[in-house]
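S.K.:
Chains as they are written, first to last, in the UniProt record's numbering: chain A, 1 to 114; chain B, 1 to 114.
Here you go:
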């Protein structure tokens with residue numbers, strides 16, 4: 001869906017043409033990051049979400065690292081809203097470059113121990 | 001396609017039901033490993049291939065490591081033929097568990113510097 005006007009600009013990210021399969025797969029090869037992307041896909045792709053929305057029981061510094069890794073790989077877009085960053089999945093870009101990949105993430109089942 | 005009779009048994013590998021998306025994506029998040037799997041897919045899925053067939057200019061120990069990582073993640077099956085190991089992609093298993101993933105690998109373009 002088109003972005004509403006007046007949003008803060010996105011933090012630095014690769015252009016859609018620069019997305020690399022190996023980098024995107026690397027960013028998704030972690031259960032916590034798969035969980036983040038899956039929740040964004042299944043529960044609300046329409047909006048930017050803060051770290052807190054995900055309900056992840058991890059130190060903030062660890063979450064910051066994972067959200068940044070997803071953005072730098074081109075999986076998510078992050079915007080700075082005052083003191084906090086919010087994320088959403090770059091669905092159109094990923095579907096254009098790697099069709100079918102997000103369906104695999106949506107269908108992923110978290111490991112039993114997490 | 002069904003395997004011909006009389007092949008050496010496969011080396012240890014995860015069962016199709018045990019394949020984990022995060023593990024498979026991790027194994028594929030490397031340009032050399034993507035190159036190996038892509039070449040197997042595009043040029044000859046019907047047979048087991050030795051390291052040498054791939055024409056990769058890397059030390060043998062490095063290749064052994066990468067082929068083992070692919071097998072342990074469940075991407076390839078390896079068999080021991082005397083002193084050498086040969087690999088092929090587990091196409092049916094991967095298509096059953098992660099439909100569309102191998103198409104992304106087949107469509108992958110190696111980075112300009114490799």
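We put the beta carbon where it would ideally sit given N, CA and C, even for glycine.
(1) Does the region 52 to 61 of chain A touch the region 105 to 114 of chain A, meaning 3 or more C-beta pairs lie closer than 8 Å?
(2) Using only the alpha-carbon positions, how far apart do residue 65 of chain B and residue 74 of chain B sit?
(3) Below 8 Å between beta carbons: does that hold for residue 19 of chain A and residue 93 of chain A?
(4) Indicate whether residue 48 of chain B and residue 90 of chain B have their beta-carbon atoms separated by less than 8 Å.
(5) Taking a cut of 9 Å between CB atoms, which residues from the region 5 to 30 of chain A lie near chain B?
(6) Is there a C-beta anywhere in chain B that falls below 8 Å from the one on residue 92 of chain A?
(7) Any contact between the region 23 to 36 of chain A and the region 16 to 34 of chain B? By contact I mean 3 or more CB pairs, one from each, below 8 Å.
(8) Shortest alpha-carbon distance to residue 88 of chain B belongs to which of B:82, B:98, B:71 and B:104?
(9) So which residues on chain A does residue 112 of chain B lean against when the C-beta distance must stay under 9 Å?
(10) Would you say residue 101 of chain A reaches chain E, if we count a Cβ-Cβ gap shorter than 8 Å as a contact?
(11) Do you know how far the Cα of residue 79 of chain A is from the Cα of residue 142 of chain A?
(12) Taking Cβ-Cβ distances below 9 Å as the criterion, which residues of the region 50 to 62 of chain A are in contact with chain B?
(13) Let me know the secondary structure DSSP gives residue 75 of chain B once reduced to three states.
(14) Buried or exposed, going by whether 16 or more other CB atoms sit within 10 Å of the CB of residue 102 of chain A?
(15) Rounded to the nearest angstrom, what separates residue 16 of chain B and residue 76 of chain B at their Cα positions?
(16) Looking at the strands, I want to know which residues DSSP matches up with residue 50 of chain A.
M.R.: Reading off the structure:
(1) no
(2) Stepping through the second chain from its first residue, residue 65 of chain B is reached at position 65. Stepping through the second chain from its first residue, residue 74 of chain B is reached at position 74. Cα to Cα, residue 65 of chain B sits roughly 14 Å from residue 74 of chain B.
(3) The count along the first chain starts at 1 and reaches residue 19 of chain A at position 19. The count along the first chain starts at 1 and reaches residue 93 of chain A at position 93. Against a cut-off of 8 Å, the Cβ pair of residue 93 of chain A and residue 19 of chain A comes out as a contact.
(4) Within the second chain, numbered from 1, the residue matching residue 48 of chain B stands at position 48. Within the second chain, numbered from 1, the residue matching residue 90 of chain B stands at position 90. Going by C-beta atoms, residue 48 of chain B is not nearer than 8 Å to residue 90 of chain B.
(5) 20, 21, 22, 23, 24, 25, 26, 27, 28, 29 and 30
(6) Along the first chain, one-based indexing puts residue 92 of chain A at 92. So no, residue 92 of chain A is outside the interface.
(7) yes
(8) The count along the second chain starts at 1 and reaches residue 88 of chain B at position 88. Residue B:71 is the option with its Cα nearest to residue 88 of chain B.
(9) Position 112 of the second chain, counted from the first residue, corresponds to residue 112 of chain B. None at all; the shortest Cβ gap to chain A is about 11 Å.
(10) Judged by its chain identifiers, the structure shown contains no chain E, and its protein chains are A and B.
(11) Nothing can be reported for residue 142 of chain A, as the shown portion of chain A is limited to 1 through 114.
(12) none
(13) Reading the second chain from its first residue, position 75 is the one you call residue 75 of chain B. Of the three classes helix, strand and coil, the one that applies to residue 75 of chain B here is coil, per DSSP.
(14) Translated into the one-based positions of the first chain, residue 102 of chain A becomes position 102. Burial call: buried.
(15) Along the second chain, one-based indexing puts residue 16 of chain B at 16. Along the second chain, one-based indexing puts residue 76 of chain B at 76. Their backbone Cα atoms lie some 11 Å apart in a straight line.
(16) Here the question's residue 50 of chain A lines up with position 50 in the first chain. A:86, per the DSSP bridge assignment.
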